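Structure first, commentary second.
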Amino acid sequence: DAKTTQPTSMDCAEGRAANLPCNHSTISGNEYVYWYRQIHSQGPQYIIHGLKNNETNEMASLIITEDRKSSTLILPHATLRDTAVYYCIVRVVRAGGTSYGKLTFGQGTILTVHP
Amino acid sequence: EAQVTQNPRYLITVTGKKLTVTCSQNMNHEYMSWYRQDPGLGLRQIYYSMNVEVTDKGDVPEGYKVSRKEKRNFPLILESPSPNQTSLYFCASSPRTISYNEQFFGPGTRLTVL
Numbered sequence: 248d249a250k251t252t253q254p255t256s257m258d259c260a261e262g263r264a265a266n267l268p269c270n271h272s273t274i275s276g277n278e279y280v281y282w283y284r285q286i287h288s289q290g291p292q293y294i295i296h297g298l299k300n301n302e303t304n305e306m307a308s309l310i311i312t313e314d315r316k317s318s319t320l321i322l323p324h325a326t327l328r329d330t331a332v333y334y335c336i337v338r339v340v341r342a343g344g345t346s347y348g349k350l351t352f353g354q355g356t357i358l359t360v361h362p
Numbered sequence: 744e745a746q747v748t749q750n751p752r753y754l755i756t757v758t759g760k761k762l763t764v765t766c767s768q769n770m771n772h773e774y775m776s777w778y779r780q781d782p783g784l785g786l787r788q789i790y791y792s793m794n795v796e797v798t799d800k801g802d803v804p805e806g807y808k809v810s811r812k813e814k815r816n817f818p819l820i821l822e823s824p825s826p827n828q829t830s831l832y833f834c835a836s837s838p839r840t841i842s843y844n845e846q847f848f849g850p851g852t853r854l855t856v857l
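Protein sequences appear in the order of chains A and B.
Our numbering puts the first residue of the first sequence at 248, with every later residue one more than the last.
Our numbering puts the first residue of the second sequence at 744, with every later residue one more than the last.
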């Protein structure tokens with residue numbers, strides 16, 4: 248799986264968009280970008296994933312650059328409850344092998360949403 | 744409500760006393776997994792199961808056992824717990840997708856072994 252680099256921490260004002268960057272310059276063609284978040288000591292929560300097109304769901308939007316070397320998770324209207332550690336994970340989708348579902352969470356970005 | 748449940752949520756025990764942490768999901772997911780989370784080490788996979796009666800080791804399986812007799816349950820067994828197994832444990836499940844990378848996590852079990 249490709250290595251990812253995220254800022255250690257970010258701040259955002261409540262109601263504003265939170266834009267969380269992730270660098271994955273060694274990503275290969277069959278690797279997807281996944282985002283999870285973990286609110287203090289709770290179980291991680293899946294947010295969104297994408298391959299090369301921008302994706303949007305009810306939680307967030309994912310923008311992947313054309314060269315796929317970086318991506319941005321966008322929380323359009325951050326709330327205090329979005330304060331969490333956000334993890335960017337790059338994972339290959341394999342047809343076989345023994346590493347199915349073995350997510351590797353790095354250090355992530357601590358997002359603090361303040362009033 | 745679709746969810747993954749774990750019990751107990753908190754447990755303090757002593758070295759060598761066998762314990763089981765239960766995990767159950769009500770989403771009919773095929774894939775289930777156990778992780779442990781330790782400061783500075785992130786989440787590490789202990790065991791996973793791709794279906795009933797199919798289990799395999801993750802990155803840190805030593806000292807743990809699992810079983811998958813029913814689709815909904817995936818208990819984690821510590822036959823002889825030691826202090827280095829003090830950790831925050833998460834169970835996760837995933838529907839049948841090509842990669843099982845979209846996972847639903849339980850609320851966690853905080854285990855302390857004295």
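Positions of the beta carbon are idealized from the N, C-alpha and C atoms, including for glycine.
Treat the numbers as computed from the prediction; the structure is a model and nothing was measured.
Item, Value
"Residue(s) in a DSSP beta bridge with E302/A", "L309/A"
"Stretch-stretch touch, CB-based, cutoff 8 Å, three pairs: the region 798-817 of chain B with the region 265-281 of chain A", "no"
"Cα-Cα separation between I789/B and E805/B, rounded to whole angstroms", "8 Å"
"8 Å CB neighbourhood of E796/B in its chain, flanking five on each side removed", "R811, K812"
"Contact check, L821/B vs W777/B, beta carbons under 8 Å", "no"
"V280/A burial status per 10 Å Cβ neighbour count (16 or more: buried)", "buried"
"Top-ranked residue by Cα proximity to N771/B, from S823/B, Q846/B, N827/B, K760/B", "Q846/B"
"Interface partners of G353/A on chain B, CB under 9 Å", "G785"
"Of the listed residues S792/B, R853/B, P826/B, Y753/B, nearest to Y843/B (C-alpha basis)", "S792/B"
"Paired residues, beta bridge with E278/A - DSSP", "V339/A"
"Minimum Cβ-Cβ distance from G408/A to chain B less than 8 Å", "For chain A, the structure presents residues 248 to 362; residue 408/A sits outside this window and is missing."
"Contact set for A342/A: own chain, Cβ-Cβ below 7 Å, skip 5 residues either direction", "Legend: pLDDT at A342/A = 47, less than 50; position of this residue unreliable, value from coordinates given subsequently. No residues qualify anywhere along the chain."
"Alpha-carbon to alpha-carbon, I755/B and R328/A", "30 Å"
"Coarse secondary structure for R752/B, derived from DSSP in three states", "coil"
"Classification of P291/A by the beta-carbon crowding that lies within 10 angstroms, buried from 16 upward", "buried"
"Any chain A beta carbon closer than 8 Å to P804/B", "no"
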